[in-house]
Amino acid sequence: MSVRRLAPKEIQPEGFAFTPENTAWAERIIAKYPEGRQASAVISLLWKAQEQGGGWVSEPAIRTIADLLKMPYIRVLEVATFYTMFNLQPVGRYFIQFCGTTPCRLRGAQDIQDVLEQRVGHQGHVTEDGLFSWLEVECLGACCNAPMVQINNDYYEDLTPESFNKLLDDLAAGRPVKPGPQNGRVASEPLNAINTLLEPSLYDGSVVGSWRKRFEEEEARARAEAAAKAAEEKAAAEKAALAEREAAVPEPAKPATTRAGEQVADTPAHRVAEGKEPIKPESQQAAAPDTAPKAADRAADDKTKG
Numbered sequence: 006m007s008v009r010r011l012a013p014k015e016i017q018p019e020g021f022a023f024t025p026e027n028t029a030w031a032e033r034i035i036a037k038y039p040e041g042r043q044a045s046a047v048i049s050l051l052w053k054a055q056e057q058g059g060g061w062v063s064e065p066a067i068r069t070i071a072d073l074l075k076m077p078y079i080r081v082l083e084v085a086t087f088y089t090m091f092n093l094q095p096v097g098r099y100f101i102q103f104c105g106t107t108p109c110r111l112r113g114a115q116d117i118q119d120v121l122e123q124r125v126g127h128q129g130h131v132t133e134d135g136l137f138s139w140l141e142v143e144c145l146g147a148c149c150n151a152p153m154v155q156i157n158n159d160y161y162e163d164l165t166p167e168s169f170n171k172l173l174d175d176l177a178a179g180r181p182v183k184p185g186p187q188n189g190r191v192a193s194e195p196l197n198a199i200n201t202l203l204e205p206s207l208y209d210g211s212v213v214g215s216w217r218k219r220f221e222e223e224e225a226r227a228r229a230e231a232a233a234k235a236a237e238e239k240a241a242a243e244k245a246a247l248a249e250r251e252a253a254v255p256e257p258a259k260p261a262t263t264r265a266g267e268q269v270a271d272t273p274a275h276r277v278a279e280g281k282e283p284i285k286p287e288s289q290q291a292a293a294p295d296t297a298p299k300a301a302d303r304a305a306d307d308k309t310k311g
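Quick note on numbering: the numbering used here labels position 84 of the sequence shown as 89, and the sequence is numbered without any gaps.
Rendered as structure tokens:
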């Protein structure tokens, strides 16, 4: 931020006093704040002093405002030098704030600056007739209508060197001028043919219908995905429960050997193959399980029955 200083002593006025109308206005503004908080009105009073002083704030105006608000002079000076909305040097009757930031530069602001330098002079210079002075400022927030300038309290937008020269001529001659875009368009509407609201689909409901269909399809897809995920989770849970139940049931104990296995392993061919002696019939009969009734028992049963 550049250093801002008061105008030299030789161009400062001898004194400053609000007009009766502005004095009454200042008293109403100060009365809005509670006792001990009157300093909150400092910006409003500086703005009114600048308006009355021909577009700039003098040192006597700063002292007058400090006395009204019972503030130290340095406190009011701090506010006046901090905010660029307050001019600390004399300005022309038509004070031109030229926007030189990127959007305006891209739209031809350099051509507007060339006109200012040719017709008015360097920044801060007031023309001999006291009509014009200019200053380059940061973005003024009218990027859609670049390039533009602010003259006193009004915006003049969509400028070209030709339209800007005409604007300065009209101001110098005292002719009425029209603030806003200087190329015929209204506000920030499209620069050429206005056709953004001529599309039939904006009114026949087809666009809204397509949006609704898309939303319904997305909702149906989301429901299907949720159902599939729930089915997968249910199947996985059932599988896990089944595996848990199967793991809890003990398997039946199996004998180390079976009789059939023993008999197969003890065949004559197997014993010959292993170099063992064949089993004798009487030994094989003794080793066989005694499952059939003995002859004596059968005879006794027959006798009993007879």
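Even glycine gets a Cβ: it sits at the ideal position worked out from N, Cα and C.
Roughly how many angstroms separate the alpha carbons of residue i and residue j, rounded to a whole number?
| i | j | result |
| --- | --- | --- |
| A177 | Q118 | 18 Å |
| E221 | E204 | 25 Å |
| L196 | E167 | 18 Å |
| D209 | G129 | 57 Å |
| T132 | N157 | 16 Å |
| E249 | A232 | 26 Å |
| S193 | E230 | 46 Å |
| R219 | N150 | 37 Å |
| P186 | Y161 | 6 Å |
| E83 | V8 | 12 Å |
| L172 | T89 | 25 Å |
| G276 | P255 | The identity of residue 276 in the sequence shown is Arg, whereas the question assumes Gly. Approximately 38 Å between the Cα atoms of the pair. |
| D163 | P184 | 11 Å |
| P25 | V81 | 22 Å |
| A114 | G179 | 25 Å |
| A235 | E143 | 59 Å |
| V182 | N27 | 28 Å |
| E15 | N170 | 34 Å |
| R217 | A242 | 37 Å |
| T86 | W30 | 24 Å |
| E237 | E279 | 59 Å |
| I35 | N188 | 43 Å |
| F23 | Q57 | 8 Å |
| K244 | A252 | 12 Å |
| C109 | V120 | 15 Å |
| E282 | A246 | 57 Å |
Can you name the start and end residues of the alpha helix (DSSP H) that residue i belongs to?
| i | result |
| --- | --- |
| V84 | Y78 to F87 |
| Q57 | V47 to Q57 |
| C109 | T107 to L111 |
| V120 | A114 to R124 |
| T69 | E64 to L74 |
| R33 | P25 to A36 |
Any chance the CB of residue i is under 6 Å from a heavy atom of the ligand SAH?
| i | result |
| --- | --- |
| A225 | No copy of the ligand SAH appears in this structure; indeed no ligand is present at all. |
To which residues of the same chain is residue i closer than 6 Å at the C-beta, ignoring the five residues directly before and after it?
| i | result |
| --- | --- |
| G266 | Its pLDDT being 48, under 50, G266 is placed unreliably by the model, and nothing is read from it. |
| D134 | none |
| V154 | I101, F103 and Y161 |
| Y44 | Residue 44 is actually Ala in this sequence, not Tyr. Excluding residues within five positions, the ones whose Cβ falls inside 6 Å are L74 and M76. |
Using C-beta distances below 7 Å, list every residue in its chain close to residue i, excluding the 5 sequence neighbours before and after it, in chain order.
| i | result |
| --- | --- |
| R68 | Y78 |
| D116 | P166 |
| E141 | F103, G105 and Q128 |
| Q55 | W61, V62, F91 and N92 |
| Q94 | A12, W61 and G129 |
| V98 | The sequence given here has Arg at residue 98, not Val. G135 and L136, listed in sequence order. |
| G20 | P65 |
| S215 | none |
Identify, in the order they occur along the chain, each residue of the same chain with its Cβ nearer than 8 Å to the Cβ of residue i, setting aside the five sequence neighbours on each side.
| i | result |
| --- | --- |
| L111 | A151 |
| Q17 | L11, S63, E64 and P65 |
Identify the continuous beta strand (DSSP E) that holds residue i and give its terminal residues.
| i | result |
| --- | --- |
| I101 | Y99 to C104 |
| L140 | F137 to V142 |
Residue i CB to nearest chain E CB: under 7 Å?
| i | result |
| --- | --- |
| P195 | In summary, chain E is missing from the structure at hand, where a single protein chain is found. |
Can we say the region 225-240 touches the region 190-201, given the rule of at least three CB pairs closer than 8 Å?
no
4-residue-minimum alpha helix (DSSP H) runs that sit fully inside the region 149-208, ordered along the chain
166-178
If you pair each beta-carbon of the region 72-88 with each one of the region 47-63, do three or more pairs fall below 8 Å?
yes
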